[in-house]
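Q: Pasting in a structure now, in structure tokens, and then I'll have a few things to ask.
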Amino acid sequence: MSRRDIIRALAGLAGASLAAPVLAACGGEDNPASTAAPTATSQAGTGSGGSAATATSAAATPASTPAGTPAGAPATGTVGGSLTVYSGRSEQLVQAIVDQFAAASGVEVKVRYGDTAEMAAAILEEGQSSPADIFFAQDAGALGAVAREGLLAELPADVLDLVEARFRSPDGLWVGISGRARAVVYNTERLSESDIPPSILDFTDPVWKDRLGWAPTNASFQAAVTAIRVLRGDDVARAWLEGIRDNGARVFENNNAIVSAVIDGEIDAGFVNHYYLMRQLAEAGGDLPARNYIYRNGDPGALVNVAGAGILTTAKNQEQAIAFIRYMLSPEAQTYFAEETHEYPLVAGVPTDPNLVPLSEIQTPDIDLSDLADLEATLEMLRDVGLL
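Just so you know, we're using this note's numbering here: the sequence shown kicks off at 2 and counts up by one.
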């Protein structure tokens, strides 16, 4: 696509999310629940597009440690200066770890929050004039869209080498910060693991009629459909969408609603990202009648997307930007993502939640995650089959 087409697609996604009752755009997060409370004073503000919030983290150590913040932040040394981050990750989920970086490094961090689609579209529109130093995206597709326009700089090799090749740009232009596995959440009182078919594509079987839930407006679902298109072709993706639709799959607003419906026995199974169930389990403080099934066999259903970051070629604060990414890949920050947002840490040696399938056991499909940027054709397909 041309830059104009990419901007139009991303802007359309962002506009749809703002009009809808949930964040349904490229990289929107479903009402995230986290115990991590931001310590910085947030100022409502508008940038280009007029809908993003801006938060400024003071360089001084916060008066109190926010709940969920990992203790003993590494002494990165005083870097000083300032940094501007365009974040498609929600303030509620990541502001605490941004504050910790600011306290450890002495960098004044200014964050503009919004949908990942909105942030990507803003960067493309601003071009060489963008004030952003870092693009902290909710998904790899948006990073790929910005990278393809020549707006992301190559990262240092030692930073890239902290993360497996499958979870970073093959061109070294962005790196994954945390992993987000696609999962089939299922009700354990109605199904066992052996009932889950060997491929995500097999859910079109009539045996699943009126038993499934999905959220076609959700970003992670759209990325998953894009992965099917890239891996198996448009005809297979369309047939899958039509098959699940014809099986009477119930439409939900978001992943949280799907998980709740599975727990309540309203549906037997649904298509989500893995951490939504993990969050509900943590909030419940005990067991719930639901489990995640995560494909491990290279199937399109075994997709593990990432939240990741890249440095803009126009960044005025390169040293601070590299320090930020290094910090997000530090053991302390990776532990934060594992424990507080219930995502996969991507750096070796950081423990994964024991209730999750280790990444080492997941054979992800052979796909460049940057290719998930091809969202416009996915949206057109979803409209054609009556899901948008």
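The C-beta atom is built at its ideal place from N, Cα and C for all residues, glycine as well.
Smallest Cα separation from residue 90: which of 118, 103 and 83?
A: When each option's Cα is compared against that of residue 90, the closest is 118.
Q: Mind reading off the beta-carbon distance from residue 183 to residue 302? Whole number of angstroms is fine, and I expect it under 8 Å.
A: With a Cβ gap of about 6 Å, residue 183 and residue 302 count as contacting.
Q: Assuming residue 205 and residue 244 form a contact by the criterion Cβ under 8 Å, report the distance between their Cβ atoms to the nearest whole angstrom.
A: Rounded, the Cβ-Cβ distance is 3 Å, consistent with contact.
Q: Could you name the residues of the same chain whose beta carbon sits closer than 6 Å to that of residue 144, not counting the 5 residues immediately before and after it, in chain order?
A: Answer for residue 144: 138, 175, 309 and 311, listed in chain order.
Q: Suppose the cutoff is 7 Å on Cβ atoms and the five residues either side in sequence are ignored; what does the same chain contact list for residue 75 look like?
A: Only weak support is given to the placement of residue 75: the predicted model assigns it a pLDDT of 41, under 50, and the question is left unresolved by the model.
Q: How would you call residue 111, buried or exposed, if buried means at least 16 neighbouring beta carbons within 10 angstroms?
A: The residue is buried, with at least 16 neighbouring Cβ atoms inside 10 Å.
Q: In the structure shown, what three-state DSSP assignment does residue 109 receive?
A: Residue state, collapsed to three classes: strand.
Q: By the three-class DSSP mapping on this structure, what secondary structure does residue 175 have?
A: Three-state result, residue 175: coil.
Q: Beta-carbon within less than 6 Å of residue 58's beta-carbon, same chain only, minus the 5 sequence neighbours each way: which residues are those?
A: The predicted position of residue 58 is uncertain, since its pLDDT is 40 and thus under 50; no value can be drawn from it.
Q: Kindly provide the ranges of any beta strand (DSSP E) runs that are 3 or more residues long and lie completely inside the stretch 274-351, ordered along the chain.
A: The stretch 274-351 contains these whole beta strand (DSSP E) runs: 291-294 and 305-312.
Q: Can you tell me the Cα-Cα spacing of residue 281 and residue 129, whole angstroms?
A: Their Cα atoms are separated by approximately 42 Å.
Q: Please go through the same chain and pick out, in chain order, the residues whose beta-carbon is closer than 8 Å to the beta-carbon of residue 1, but skip the five residues on each side of it.
A: Any answer about residue 1 is impossible in this case: the structure gives the chain only from 2 up to 389.
Q: What first and last residue would you give for the alpha helix (DSSP H) that runs through residue 240?
A: That run of the alpha helix (DSSP H) goes 235-247.
Q: Kindly list the residues whose CB is nearer than 6 Å to the CB of residue 71, restricted to its own chain and excluding five residues on each side of it in sequence; keep chain order.
A: The pLDDT assigned to residue 71 is 35, lower than 50, so where the model puts this residue is not dependable; a value taken from the coordinates is nonetheless given after this. 333, 336 and 337, listed in sequence order.
Q: Quick one: is residue 96 buried, meaning 16 or more other Cβ sit within 10 Å of its Cβ, or exposed?
A: Buried is the call here.
Q: Between which residues of its own chain and residue 22 is the CB-CB distance below 6 Å, once the five residues before and five after are set aside?
A: In this predicted model, residue 22 has a pLDDT of only 27, less than 50, meaning its place in the structure is not dependable; the value taken from the coordinates is given anyway. Contacts found: none.
Q: Does the pairing of the stretch 211-227 with the stretch 367-380 give three or more beta-carbon distances under 8 Å?
A: Yes, the stretch 211-227 touches the stretch 367-380.
Q: Which word fits residue 298, buried or exposed, when buried means at least 16 other C-beta atoms lie within 10 angstroms of its C-beta?
A: Residue 298 comes out exposed.
Q: Applying the criterion that 16 or more other CB atoms from any shown protein chain within 10 Å of the CB defines a buried residue, is residue 364 buried or exposed?
A: So residue 364 ends up on the exposed side.
Q: Quick check for students: name the residue ranges of the beta strand (DSSP E) that lie wholly in the stretch 169-213, counting only runs of 3 or more.
A: Qualifying beta strand (DSSP E) stretches, in chain order: 176-188.
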